[in-house]
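Residues in the sequence shown are numbered consecutively from 6, following our numbering. Below: the structure, in structure tokens.
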Amino acid sequence: MAVELSVVIPLFNEEENVQPLYDELKGVLVKLNKSYEVLLVDDGSTDRTFEKLKAIAASDPNVVVLKFRRNFGQTAALSAGIERAQGEVIIPMDGDLQNDPADIPRLLEKMEADGYECVNDWRKNRQDSGTRVLPSKIANWLISSLSGVHIHDYGCTMKAYKREVIEGVRLYGEMHRFVPIYAHWQGARVTEMVTNHRARQFGKSKYGFNRILKVVLDLMVVKFLFQYLSKPIYIFGGFGLAALFASFAAFALATYLKLAGLKDFVTTPLPLFAGISALVGLQSMLVGLLAEVLVRTYYESQGKRPYIIGQVIESRGTPVKPTPISDRVGT
Numbered sequence: 006m007a008v009e010l011s012v013v014i015p016l017f018n019e020e021e022n023v024q025p026l027y028d029e030l031k032g033v034l035v036k037l038n039k040s041y042e043v044l045l046v047d048d049g050s051t052d053r054t055f056e057k058l059k060a061i062a063a064s065d066p067n068v069v070v071l072k073f074r075r076n077f078g079q080t081a082a083l084s085a086g087i088e089r090a091q092g093e094v095i096i097p098m099d100g101d102l103q104n105d106p107a108d109i110p111r112l113l114e115k116m117e118a119d120g121y122e123c124v125n126d127w128r129k130n131r132q133d134s135g136t137r138v139l140p141s142k143i144a145n146w147l148i149s150s151l152s153g154v155h156i157h158d159y160g161c162t163m164k165a166y167k168r169e170v171i172e173g174v175r176l177y178g179e180m181h182r183f184v185p186i187y188a189h190w191q192g193a194r195v196t197e198m199v200t201n202h203r204a205r206q207f208g209k210s211k212y213g214f215n216r217i218l219k220v221v222l223d224l225m226v227v228k229f230l231f232q233y234l235s236k237p238i239y240i241f242g243g244f245g246l247a248a249l250f251a252s253f254a255a256f257a258l259a260t261y262l263k264l265a266g267l268k269d270f271v272t273t274p275l276p277l278f279a280g281i282s283a284l285v286g287l288q289s290m291l292v293g294l295l296a297e298v299l300v301r302t303y304y305e306s307q308g309k310r311p312y313i314i315g316q317v318i319e320s321r322g323t324p325v326k327p328t329p330i331s332d333r334v335g336t
């Protein structure tokens, strides 16, 4: 029988939270009247987290435990759990008890009632210290500004995804927070809802200001992959043309200054700037052409298509399953 719901939880040194989290989560899931599974990913914990997870898995056939050999990070743990998940709806959440399992039915209700494919949690009344809230607000503002997808709280792990939205997505760095952007750019309906956020009772936070830089760099990668992967000449060629134009303008100005008797070539940096800009422009154009060849090799060797089919209606009126993101542009 197909699994209707998969809950994916990464854990790193959360031994005190494991049992309360499981008890609370199970109490919510059994009331849903849906088939479910819980995937608990031990991200290389150095305390007794794994021992407690093993005990839970031994007593509950709906629980699957994955153990990393070392700490690979939250995104890797989420990716491993999502890859193993079989549910029609996938809900990742944190293992520190700050996400409220009681919000799961509300997420599912929002998704089913309004036809959304991704529902993002919004920790509007966040129960964290300023050292966590401020970096999060800065990161959310940056992500919304650069991506054009305006969500209040990208950093919250707890979200609900239809399987076809997240299936085949490969997550790296801190990219788990960008899945709503993936979904939106691929045409999925994305929304958010205010959920309950609780103060941490046990363990220590693993977040800080250093994540802002990681978020910005990862977002640059995401934006490039989804907007320019199929036509890299647009960004490399555009930069190359701009550099060539700057080179021409600098050389023209240097020539004017020379002919007007105002400055010789050797007394102004304009000729040097023109030469360097010309070289940079030509190199950028060549890199863009090389990238075009690589992109064509990538698409043709893997049978990928530079477009997305949401649905096909045949003469019999049979709907065809939408294209998974793994077969779409930029993945």
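For each residue, glycine too, the CB sits at the ideal point set by N, CA and C. All of these numbers come straight from a predicted model, not from anything done at the bench.
Three-state secondary structure assigned by DSSP to residue i
i	result
L295	helix
L267	coil
M225	helix
T162	coil
V154	coil
N22	helix
Y121	coil
K72	strand
T336	Because T336 carries a pLDDT of 45, less than 50, the predicted location of this residue cannot be relied on, and no value is offered for it.
K36	coil
S11	strand
K129	coil
K219	helix
S331	Residue placement at S331 is poorly supported in this model, since its pLDDT is 48, which falls under 50; the coordinates still yield a value, given next. Looking at S331 - three-state DSSP - the assignment turns out to be helix.
M340	Residue coverage of the chain in this structure runs from 6 to 336, which leaves residue 340 outside it and unanswerable.
V317	coil
L16	strand
K142	helix
T273	coil
T200	coil
L45	strand
Identity of the residue in the options nearest residue i by Cα
i	options	result
V46	V154, G153, K57	K57
F73	D52, I87, D48	D48
Y159	V138, W127, W190	W127
L112	Y187, F77, T200	T200
A204	I281, Y304, E114, N130	N130
F253	A118, G280, L264, L262	G280
I109	P97, L294, M225, L139	P97
K164	W146, H181, V174	H181
P237	L264, V292, V174	V292
D101	N125, V184, R301, L30	L30
L26	I61, T51, S50	I61
Beta-carbon proximity list for residue i, same chain, < 7 Å, skipping 5 on both sides
i	result
I95	S11, V13, I87, Y166, R168, I171
T54	L16, N18, E19, E20, V23, D47
L176	T80, L83, S84
Y239	Y233
N67	Y41, E42, V43
A259	F270, T273, L275, P276, A279
L262	K268, T273
Cβ separation of residue i and residue j, assumed to be a contact under 8 Å, to the nearest whole Å
i	j	result
T162	D65	The pair is not a contact, with the Cβ atoms about 22 Å apart (cut-off 8 Å).
A257	F278	Not a contact, Cβ separation roughly 12 Å.
E197	I156	5 Å
L44	R89	6 Å
S289	F250	No, S289 and F250 are not in contact; Cβ-Cβ is about 12 Å, not under 8 Å.
G286	L222	G286 to L222, Cβ: 25 Å. No contact.
A296	F241	6 Å
L224	I148	6 Å
Cutoff 6 Å; reference residue i; Cβ partners in own chain excluding five residues on either side
i	result
E93	E9, R168
S141	G160
I186	S152, V154
L34	Y41
K39	E9, L10
N125	I156, K164, P185, E197
Beta-carbon contacts of residue i that lie in its chain and below 8 Å, excluding the five residues immediately before and after
i	result
E122	M116, Y166, K167, E169, V170, A188, A193, R194, V195
Q91	A7, V8, S11, E42
L37	L10, I109, P110, L113
V138	R131
Next on the checklist: Check whether the region 103 to 113 and the region 65 to 85 touch, using three or more Cβ-Cβ pairs below 8 Å as the test.
Outcome noted: With the cut-off at 8 Å, the region 103 to 113 and the region 65 to 85 do not touch.
Next on the checklist: Would you call the region 257 to 271 in contact with the region 223 to 233, where contact means no fewer than 3 C-beta pairs closer than 8 Å?
Outcome noted: These segments do not touch.
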